[in-house]
Amino acid sequence: MTYTTLRLETATSWAKYIIYAVLLALLAAGCWYGWQRLHPASVPVIATTQQAAQITVGVQTAAQTAHVPLSHSQASEIAHQIADSVDDTPAATVQTTGSAWEGMAAKIGTATKSDMVIVTDPKNPTQKPNPLPTDTVQQNVYAIHAYPDHLWTAGVSSNKDYSIGYSKRAKVFGKVAYVMPEIELRNGNNVVFWLKLQIPEQAESKKKIAAQVQTIK
């Protein structure tokens, strides 16, 4: 009887520690997410030639410079969308100067919640943008959305275990990442809480995420 009581007390103690750990992890995740919202990371701006932006290898080079992991299929899709949008009416027109164009492009990237921004000179398609500080410039700005802002996940195993989770995109050490709180029900009565962090690798992904391009000239 004494042994059974000891086991129950020990189990109760462990349950408290687990609950405290989960609450602490959720609090830390909330604080970190709040900091991310109040202090958004600067969107990388990559200047390249119009010709390079319209081919897969050119987009891959820009993505590597921006530290944004892209699969070959994503880079190919972005390049095709850029090539197809050359003669399209721009989503918006912004005039700036040679000394302020990079900051303006970064603001556009932040406003559109982009992963990176590619900037080209439409008048000189074989040259990278390099205006003089006093020049009035009008450039092509491509806001690249390579990853969704959030994802919902749900799963069921052959053992009748169930899970549901929510993934929120964030920046970790300057890289694209997903913070994923998850709840798992095991054996019908055991509840497990997870707090996961996933950083996509720069390789071909089995799960392809469609990339979107927004053109602002």
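Heads up, the sequence shown is in our numbering, so the first residue is 15 and it goes up one at a time. Ideal Cβ placement from N, Cα and C applies to all residues, glycine included.
Report the CB separation of residue i from residue j in whole angstroms; it is logged as a contact under 8 Å.
| i | j | result |
| --- | --- | --- |
| Gly-112 | Leu-146 | 5 Å |
| Pro-136 | Gln-64 | 6 Å |
| Gln-212 | Tyr-192 | 5 Å |
| Asp-175 | Glu-198 | 7 Å |
| Thr-126 | Ala-157 | 4 Å |
| Asn-154 | Thr-124 | Asn-154 to Thr-124, Cβ: 18 Å. No contact. |
Return the CA-CA distance between residue i and residue j, expressed in angstroms with no decimal places.
| i | j | result |
| --- | --- | --- |
| Ala-76 | Asp-129 | 12 Å |
| Ala-25 | Lys-210 | Residue placement at Ala-25 is poorly supported in this model, since its pLDDT is 48, which falls under 50; the coordinates are not used for a value here. |
| Ser-56 | Ala-120 | 7 Å |
| Ala-66 | Lys-182 | 32 Å |
| Ile-92 | Ser-172 | 39 Å |
| Ser-99 | Met-194 | 35 Å |
| Val-190 | Thr-107 | 29 Å |
Just to confirm before moving on: does the CB-CB distance between residue i and residue j stay below 8 Å?
| i | j | result |
| --- | --- | --- |
| Lys-142 | Ala-89 | no |
| Val-131 | Val-71 | no |
What first and last residue would you give for the alpha helix (DSSP H) that runs through residue i?
| i | result |
| --- | --- |
| Ile-178 | Counting along the chain, Ile-178 falls outside any alpha helix (DSSP H), though it belongs to the beta strand (DSSP E) covering 176-186. |
| Ile-92 | 86-98 |
| Val-71 | 70-80 |
Could you tell me if the beta carbon of residue i falls within a distance shorter than 7 Å of some heavy atom in the ligand GTP?
| i | result |
| --- | --- |
| Ile-213 | The model depicted lacks the ligand GTP and carries no ligand whatsoever. |
Taking the continuous beta strand (DSSP E) assigned at residue i, which residues delimit it?
| i | result |
| --- | --- |
| Gly-169 | 164-170 |
Report task. Would you check if there are 3 or more beta carbon pairs closer than 8 Å linking the segment 80-95 to the segment 146-163? Result -> Contact between the segment 80-95 and the segment 146-163 is present: three or more C-beta pairs spanning the two stretches fall below 8 Å.
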